[in-house]
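Shown next, in structure tokens, is the structure this report addresses.
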């Protein structure tokens with residue numbers, strides 16, 4: 001972290017002439033939850049910027065505005081003929097300088113009865129800047145169209161109607177770049193062997209440091225044709241990223257022709273710098289892509305030894321026999337027969353049925369694991385977070401997967417803030433999906449609208465081919481290809497929609513029309529077309545036979561038991577009153593953990609039951625007092 005000297009000396013508690021409350025103003029060292037407005041200059045206070053605030057009335061000031069109080073009387077002959085006095089009360093006025101209305105504190109000429117924003121009078125009318133040969137004049141109001149509305153140095157928008165401009169060169173600077181200019185020249189041997197000089201000009205170039213395009217003000221070395229963005233310096237040399245299992249290191253020359261960035265999947269310039277893995281020669285990453293907040297935590301790992309972590313999930317006992325860390329009591333034996341046995345049960349890790357997949361089964365009890373689930377490591381990284389995930393096998397409640405949004409009660413990969421179910425945790429790039437055999441899918445950017453379900457999702461996988469636009473969220477991408485349901489004697493297959501189909505098909509489970517343009521499950525022998533949600537239900541990732549307990553303030557609020565909906569008649573849901581159509585439902589247990597005749601058919605109904613139980617528990621506590 002870096003601080004201006006005046007900001008580092010800012011006191012913890014202050015008083016201010018604009019502030020009329022009896023309580024002092026305290027320096028807020030923790031970022032706020034939302035943007036606020038400074039009571040002095042009326043500029044926005046970004047939510048990640050420290051500021052002064054009254055904890056009683058919410059009065060807020062920038063550190064700059066609080067530390068450097070505007071003088072009571074100013075003389076600015078370039079802007080007005082008379083002296084201006086600072087008004088110590090908030091009023092509504094129209095600023096003569098910029099023509100905009102204002103609310104708050106202002107400078108006022110009592111002879112002419114005109115007012116000015118404080119911000120419109122605290123900057124010099126003309127400045128000499130080290131990066132431009134001509135004087136820059138203060139410009140107030142909307143930027144002219146020919147300036148393109150952007151700062152020629154940083155490229156940020158010229159906001160707030162105050163900036164500096166040179167008409168002769170069409171050169172504009174925002175207040176930050178004008179008041180705090182970057183270095184004109186510097187030497188960093190980690191970046192380049194020669195002195196680098198700033199070229200403050202609109203010019204297209206390829207950054208030699210990060211390999212991405214730029215359109216203004218590069219640092220250059222004319223000897224070597226070296227060019228770099230202003231911000232491409234001072235980043236860590238060795239980091240962890242969520243796209244790779246090993247550490248990656250910065251190199252000034254990639255040297256691999258036709259390499260592709262592992263984050264954005266775009267081609268990289270082999271003559272430029274970037275991050276690469278010493279253990280995997282083909283793993284390359286753009287500098288700016290590797291340093292994205294959602295990709296890396298940016299912690300410098302140079303000169304720090306790599307930890308030799310025990311991540312292997314099992315020990316090999318013999319041929320096709322292992323001892324898994326989640327079931328150390330007995331050994332597990334591999335079965336690759338592919339024979340479907342309906343009574344076999346569900347995987348202890350992901351809670352999905354075994355079907356025809358290869359699996360490990362316990363030689364002494366009913367414990368069973370998919371081979372793919374048994375092979376997942378104890379620790380791993382995943383594209384949806386820049387933190388490392390740790391595998392936890394025991395869970396007495398249910399969780400919501402960060403990637404797909406499905407609730408589950410099996411094993412989970414957990415980081416500091418959330419968890420992933422086993423199926424989402426197993427996803428790696430590239431993902432080859434049968435619905436899009438032309439090209440693989442990648443996690444290049446988080447949000448998008450899923451092609452399958454037409455809904456917006458927080459985490460999606462995309463086809464990066466030009467003009468394709470195929471997108472799948474994790475929930476649709478991980479739908480099982482084959483499932484078993486009591487409505488049909490055969491296995492049901494996932495169908496990715498049939499655009500040319502005609503006629504009306506009815507779902508045999510909910511008895512409503514099935515839209516064949518959307519994905520559905522079908523049996524080719526019987527010709528059924530079933531809704532995906534009807535076939536799988538909300539509790540698709542719940543393992544039957546498990547008890548679930550929810551807690552409120554450390555006390556038991558609600559208990560459920562996961563059961564199969566396989567009785568002769570479908571039970572009624574105790575919350576919505578409809579027949580339970582999902583293959584797996586929840587049975588409500590009483591306060592003593594005993595079975596009742598109440599059921600919940602969906603996650604929404606389960607939540608309603610939990611809230612009601614929580615209110616009942618709270619009432620009992622109040623009555624006990």
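Residue numbers (the UniProt record's numbering): 1 to 625. Positions of the beta carbon are idealized from the N, C-alpha and C atoms, including for glycine.
- With a cut-off of 8 Å on Cβ pairs, the region 278 to 293 is not in contact with the region 452 to 467, counting fewer than three such pairs.
- For residue 227, the uninterrupted beta strand (DSSP E) segment begins and ends at 226 to 228.
- The three-state secondary structure of residue 117, taken from DSSP, is strand.
- Cβ contact annotation for residue 510 (same chain, cutoff 8 Å, sequence separation greater than five): 531, 534, 581, in chain order.
- Here DSSP, grouped into helix, strand and coil, assigns residue 311 to coil.
- A check of alpha carbon separations from residue 90 across 203, 224, 450, 115 identifies 115 as the nearest.
- Apart from sequence neighbours up to five positions away, the residues of its chain that approach residue 353 with a beta-carbon distance below 7 Å are 346, 484, ordered along the chain.
- In this chain, the alpha helix (DSSP H) harbouring residue 175 covers 175 to 179.
- Annotation: the continuous beta strand (DSSP E) that includes residue 600 extends over 595 to 600.
- For residue 325, no alpha helix (DSSP H) encloses it, and the DSSP letter there is neither H nor E.
- Boundaries for residue 354: no alpha helix (DSSP H) harbours it, and the DSSP string shows neither H nor E there.
- In the DSSP assignment, the residues bridged to residue 506 are 513.
- Around the beta carbon of residue 223, a 10 Å sphere encloses fewer than 16 other beta carbons of the protein chains shown; the residue is thus reported as exposed.
- In the structure shown, residue 83 adopts coil according to DSSP, grouped into three states.
- Membership of residue 475 in the alpha helix (DSSP H) is indicated by the continuous run 474 to 477.
- The Cβ atoms of residue 243 and residue 295 sit closer than 9 Å to each other.
- By the neighbour-count criterion, in which 16 or more other beta carbons inside 10 Å mark a residue as buried, residue 409 falls on the buried side.
- Looking at 382, 450, 336, 436, the one whose alpha-carbon comes closest to that of residue 426 is 382.
- In the DSSP assignment, residue 287 falls outside any beta strand (DSSP E) and lies within the alpha helix (DSSP H) extending over 287 to 290.
- A distance below 7 Å between beta-carbons, with the five flanking residues on each side excluded, links residue 316 to the following residues of its chain, in chain order: 322.
- With a contact defined as Cβ atoms closer than 8 Å, residue 198 and residue 288 miss out at about 19 Å.
- For residue 529, the enclosing beta strand (DSSP E) has its first and last residue at 528 to 530.
- With a cut-off of 8 Å on Cβ pairs, the region 581 to 600 is in contact with the region 538 to 552, counting three or more such pairs.
- In the three-state reduction of the DSSP assignment, residue 456 falls in the strand class.
- Per the C-alpha coordinates, the member of 132, 173, 169 positioned closest to residue 150 is 173.
- The alpha-carbon of residue 562 is positioned some 23 Å away from that of residue 418.
- Distance from the CA atom of residue 266 to the CA atom of residue 474, rounded to whole angstroms, is 22 Å.
- When DSSP states are grouped into helix, strand and coil, residue 247 belongs to the coil group.
- Note that the region 290 to 309 does not touch the region 389 to 398; fewer than 3 beta-carbon pairs, one per stretch, sit closer than 8 Å.
- In this structure, residue 358 and residue 332 do not form a Cβ contact; the two beta carbons are roughly 12 Å apart against a cut-off of 8 Å.
- Residue 541 sits in a strand when the DSSP states are folded into three classes.
- As the crow flies, the alpha-carbon of residue 210 is around 13 Å from that of residue 292.
- The beta carbon of residue 392 sits closer than 7 Å to those of 411, 412, 414, all from its chain and outside the five residues before and after it, given in chain order.
- Boundaries of the beta strand (DSSP E) harbouring residue 276: 274 to 276, taken from the DSSP string.
- In the structure shown, residue 157 falls within a strand segment according to DSSP collapsed to helix, strand and coil.
- Among the bridge pairs identified by DSSP, residue 521 is matched with 494, 530.
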